[in-house]
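So that you can map any letter, position 96 of the sequence shown is 115 in my numbering, and since no number is skipped, the others follow by simple counting. Every residue, glycine too, gets a C-beta built ideally from N, C-alpha and C.
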Amino acid sequence: MDNMKILEEVGLKRVCEETHIEEKYLQHMVNRDFDKLDYINTQGFIKILSREYKLDLSEWSEEFKKYWEENRKNNNNNKHYVPIDDEKNSKKLLIFTIIIIISTIAILFFIFKDKINFSNYNSSDKVTYEQASVIEEAQKSLDELNDSLEEIGVNKELNISAESIKQEIQIDELTETVSSTFPQEAIITPSSQLWLGIIYLDTKERRSFLGDGNISIDISREQIITTGHGNFYLTIDNKKSVFKNKEPLRFLVKDLNITQISWSKFKALNEGKYW
Numbered sequence: 020m021d022n023m024k025i026l027e028e029v030g031l032k033r034v035c036e037e038t039h040i041e042e043k044y045l046q047h048m049v050n051r052d053f054d055k056l057d058y059i060n061t062q063g064f065i066k067i068l069s070r071e072y073k074l075d076l077s078e079w080s081e082e083f084k085k086y087w088e089e090n091r092k093n094n095n096n097n098k099h100y101v102p103i104d105d106e107k108n109s110k111k112l113l114i115f116t117i118i119i120i121i122s123t124i125a126i127l128f129f130i131f132k133d134k135i136n137f138s139n140y141n142s143s144d145k146v147t148y149e150q151a152s153v154i155e156e157a158q159k160s161l162d163e164l165n166d167s168l169e170e171i172g173v174n175k176e177l178n179i180s181a182e183s184i185k186q187e188i189q190i191d192e193l194t195e196t197v198s199s200t201f202p203q204e205a206i207i208t209p210s211s212q213l214w215l216g217i218i219y220l221d222t223k224e225r226r227s228f229l230g231d232g233n234i235s236i237d238i239s240r241e242q243i244i245t246t247g248h249g250n251f252y253l254t255i256d257n258k259k260s261v262f263k264n265k266e267p268l269r270f271l272v273k274d275l276n277i278t279q280i281s282w283s284k285f286k287a288l289n290e291g292k293y294w
């Protein structure tokens, strides 16, 4: 007897409630509608169904893999990886750019200041021959404007610029300090092969993983997470939490924190969907 058909005898709705696999997805598996199945998700669901109902689905799994090979499906295209957050690198680049701008402004300031000093010095007939052309140009400007008002205006503008630059540096230093204080990443290390699903709450985008290696989670984005089993380690900022549960677990990621939630809470956040 086809072991997959046993699921229909149990009742697909009941299987859906017990395993949190969508009923329509189960129907595709029973009907062998392989073209409607995602490779990675299906491999994870096979493990869950085999474990929960003590079924030998190896024959079905081999048939499914053969279908993918014959149709030349590239399994690697179904793998998703949590992108590494480039926010820190972007901020470092921003700080470096600001430093270059500040340095350029400072150099221009000293050059401009030196020109003013040379102009005043030359007006007292204490100049060298090489500075004659610079003095002539500066003297024409001084003849048109009041010396005292111009000096006050220049000093005021330079003071405002220096104060603005100082405030920008303080803001950037504060941003860098806050960014380095709060971790942006969590690591899940499974004790055995683990299927993990992520749903980003801002875009409703779904991502899934299957493997026994470390899985990186970007905790700067609000999201909900479901796992095929609960036997793994969770590490945040070098602090490790141990989970030892054969049942699926669910989590909410919000405000740089990961909180374990109930099945009903997960379903409510996912607009009533199982996955």
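Kindly indicate which three-state DSSP category residue i falls into: helix, strand or coil?
i	result
Q279	strand
K263	strand
D237	strand
N250	strand
K273	strand
V225	For the record, residue 225 in the displayed sequence is Arg; it is not Val. Looking at R225 - three-state DSSP - the assignment turns out to be strand.
K292	coil
Q46	helix
L213	strand
E106	Below a pLDDT of 50, predicted positions are generally treated as unreliable, and E106, at 49, falls in that range; no measurement from the model is reported.
D21	coil
T147	Its pLDDT being 40, under 50, T147 is placed unreliably by the model, and the measurement read from it follows with that caveat. Three-state DSSP puts T147 in coil, outside helix and strand.
Could you tell me the boundaries of the alpha helix (DSSP H) in which residue i lies?
i	result
T61	58-72
F83	77-89
L26	25-29
Please list the terminal residues of the continuous beta strand (DSSP E) segment that includes residue i.
i	result
I40	Taken as a continuous stretch (DSSP letters only), I40 belongs to no beta strand (DSSP E), as it is neither H nor E.
Assign residue i to one of two classes, buried (16 or more other C-beta atoms within 10 Å of its C-beta) or exposed (fewer than that).
i	result
T222	exposed
N276	exposed
T245	buried
V272	buried
P126	The sequence shown places Ile at residue 126, rather than the Pro named in the question. Looking at its Cβ environment, which holds fewer than 16 other Cβ atoms inside 10 Å, I126 is exposed.
I40	buried
T278	exposed
L45	buried
H99	Reliability of the predicted coordinates at H99 is poor, the pLDDT of 44 falling under 50, and the value obtained from them is presented with this limitation in mind. By the 10 Å Cβ count, H99 comes out exposed.
T38	buried
F129	exposed
L73	Sequence inspection shows Lys at residue 73; the Leu mentioned does not correspond to that position. By the neighbour-count rule (16 or more Cβ atoms within 10 Å), K73 is not buried but exposed.
K85	exposed
E106	Confidence at E106 is low in this model, with a pLDDT of 49, below 50, so the placement of that residue should be treated as unreliable; the coordinate-derived value is given next. With fewer than 16 other Cβ atoms within 10 Å, it is exposed.
K55	exposed
K66	buried
I120	exposed
Using a C-beta cutoff of 7 Å, does residue i count as contacting chain D?
i	result
S211	Absent from the structure is chain D; it holds one protein chain and no more.
- Query: Does the count of Cβ pairs from the segment 228-241 and the segment 202-216 closer than 8 Å reach three?
  - Reply: Touching, yes, given that three or more Cβ pairs across the two stretches are closer than 8 Å.
- Query: Three or more beta-carbon pairs under 8 Å between the segment 244-253 and the segment 262-276, yes or no?
  - Reply: Contact annotation: the segment 244-253 touches the segment 262-276, with at least three C-beta pairs closer than 8 Å.
- Task: Assess, as a yes-or-no matter, whether the segment 30-37 is touched by the segment 283-290 under the definition of 3 or more beta carbon pairs within less than 8 Å.
- Result: Contact between the segment 283-290 and the segment 30-37 is absent, because fewer than three Cβ pairs lie under 8 Å.
- Message: Under 8 Å, with one C-beta from each stretch per pair, do the segment 253-262 and the segment 212-231 reach the 3-pair mark?
- Response: Touching, no, given that fewer than three Cβ pairs across the two stretches are closer than 8 Å.
- Item | the segment 114-121 in contact with the segment 58-73 per 3-pair CB rule at 8 Å | Judged by Cβ distances under 8 Å, the segment 114-121 makes no contact with the segment 58-73, as fewer than three pairs qualify.
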